[in-house]
Amino acid sequence: MMLRVLILSLTLLTGFAQATVLQRPVTLTTDGGELFGSLLLPKSDKPVPVVLILSGSGPTDRDGNNPDGGRNDSLKRLAWVLAKHNVASVRFDKRGVAASLAATPDERNLTVEAYVADAVAWGRQLKADPRFGPLILLGHSEGALIASLAAPKVDAAAVISLSGSARPIDQVLRQQLARSLPPALMLRSNELLDSLKAGQTDDRVPAPLQVIFRPSVQPYLISLFRQDPAAAFAALKMPALIVQGSHDIQVQVDDARLLKAAKPDARLALIEGMNHVLRIVPNDVKRQLASYKDPNLPLAAELGARLLEFIDGLRTR
């Protein structure tokens, strides 16, 4: 297995000329305000594939960093891997986050539908730019759901689900919380999840659960819990790639297999040892958590190889 990956990596490195990369700020004007992002564009005399990178849940910014989880620069480093192999990318701060905070400053007004509309608008802007060829939507974690929902609306050439759940997110939360909450809080957590799943807010949130269920975020959770990631993925008509790490403590390998079952023609890449922030990290809680705050850790080498192999295949279709 390792030999095959090494050969694949070397093939990709020789098949893609190392590019000179332009880095530019980019913006998207929406009815709710301006969204801000970063473009990495390899210099080329012909259009290059472009990847719209969609970040994960909560206040995760364009680089994959979250004030609650720490700085790891996972998506920034991923964008540079692509750029150095002649693949452009745009990554952006979601509305209500970082530089795009003013677009929706009150999180009560955030919805999955708004995030999908923004992804579609970014995609249309990129498709209208003559510097770009095929548009690929790559979503990390919760961003994988947004990518699946947005791709048909913008007629994307392909979708990449990177550490994306197949199950409705309320089910994922129940499983995650059951591992850490004492019985009384777990009971209250399940009651809150039941209410939100039914479309009802509940402001009786104990202090230890405020970070997840605070009243201001509940409208967003209601919109999120309506979604079925596997069904959205199954509806895709374009090529798709599923990438999942075996040491991911947030999303399980079983989720990747469920996505594959939902869309059998999708490609599946299981990367041994890779965690949720795209690093090779042992299955040790302390080292896992430390990796979320270490931007200097290299990305999993196989990740770049798998992505570039998939994107290169789109060029020959």
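Taking mature numbering (1 follows the signal peptide of the UniProt record, and there is no 0), I'd label the letters of the sequence shown as residues -19 to -1, 1 to 298. Backbone N, C-alpha and C fix where the C-beta goes; we use that ideal spot for every residue, glycine too.
Short Cβ contact (8 Å threshold) for G23 with A80: Correcting the residue type first, residue 23 is Pro in the shown sequence and not Gly. No, the pair does not count as a contact, with Cβ atoms beyond the cut-off.
Between which two residues does the alpha helix (DSSP H) holding L249 run? L249 -> not in any alpha helix (DSSP H); beta strand (DSSP E) instead, spanning R248 to I252.
May I ask you to report which of helix, strand or coil DSSP gives S142? strand
The segment 231 to 244 / the segment 265 to 276 touching (three or more Cβ pairs under 8 Å): no
Who are the near neighbours of R(-16) in its chain, counting only those whose CB is closer than 7 Å to its CB and skipping five residues on each side? Bear in mind that a pLDDT of 44 at R(-16), under 50, signals an unreliable position, so the number given afterwards is only what the model happens to contain. Excluding residues within five positions, none has a Cβ falling inside 7 Å.
Going by CA-CA distance only, name the one from S142, L3, D54 and T85 that's closest to L288. S142
At the level of alpha carbons, what is the spacing between V97 and I127? 6 Å
Three-state secondary structure (DSSP) of R169: helix
Would the segment 44 to 60 count as touching the segment 87 to 95 if we require 3 or more Cβ pairs under 8 Å? no
CB contact flag (G37, G124, <8 Å): yes
CB of A250 within 8 Å of CB of A221, strictly: no
With H, G and I counted as helix, E and B as strand and the rest as coil, what does DSSP make of P200? helix
I'd like the list of long-range same chain contacts for I261, defined as Cβ closer than 7 Å, with 5 residues on each side in sequence excluded. G254, M255 and A281
Can you tell me whether DSSP reads I230 as helix, strand or coil? coil
For D74 versus G18, is the C-beta spacing smaller than 8 Å? yes
Tell me whether L(-14) sits in a helix, a strand or coil according to DSSP, three-state version. Note that L(-14) has pLDDT 41, beneath the 50 cutoff, so the model's placement of it is unreliable and the number below is only indicative. Correct three-state label for L(-14): helix.
Would you identify the three-state DSSP class for T(-9), choosing helix, strand or coil? With a pLDDT of 41 at T(-9), under the threshold of 50, the modelled position of that residue is not reliable, and the figure given next carries that caveat. T(-9): helix per DSSP, three-state reduction.
Do S146 and D236 come within 8 Å of each other at the CB atom, strictly closer than that value? yes
May I ask which residues mark the beginning and end of the alpha helix (DSSP H) holding P133? E123 to V135
What's the call for L168, buried or exposed, on a 16-neighbour Cβ count within 10 Å? exposed
So E15 and A84 are supposed to be a Cβ contact under 8 Å. How far apart are they, rounded? 6 Å
Cα-Cα separation between L(-12) and H257, rounded to whole angstroms: Any reading at L(-12) needs caution, since the residue's pLDDT is 43, under 50, leaving its predicted position unreliable; the model's value is listed next. Between L(-12) and H257, the C-alpha separation is close to 23 Å.
Beta-carbon proximity list for P200, same chain, < 6 Å, skipping 5 on both sides: R89
Under the three-state reduction of DSSP, which class applies to P86: helix, strand or coil? coil
For Q156, name the three-state secondary structure that DSSP assigns. helix
According to DSSP, simplified to helix, strand and coil, what is F(-4)? No answer about F(-4) holds up, because its pLDDT of 45 lies below 50 and its placement is not dependable.
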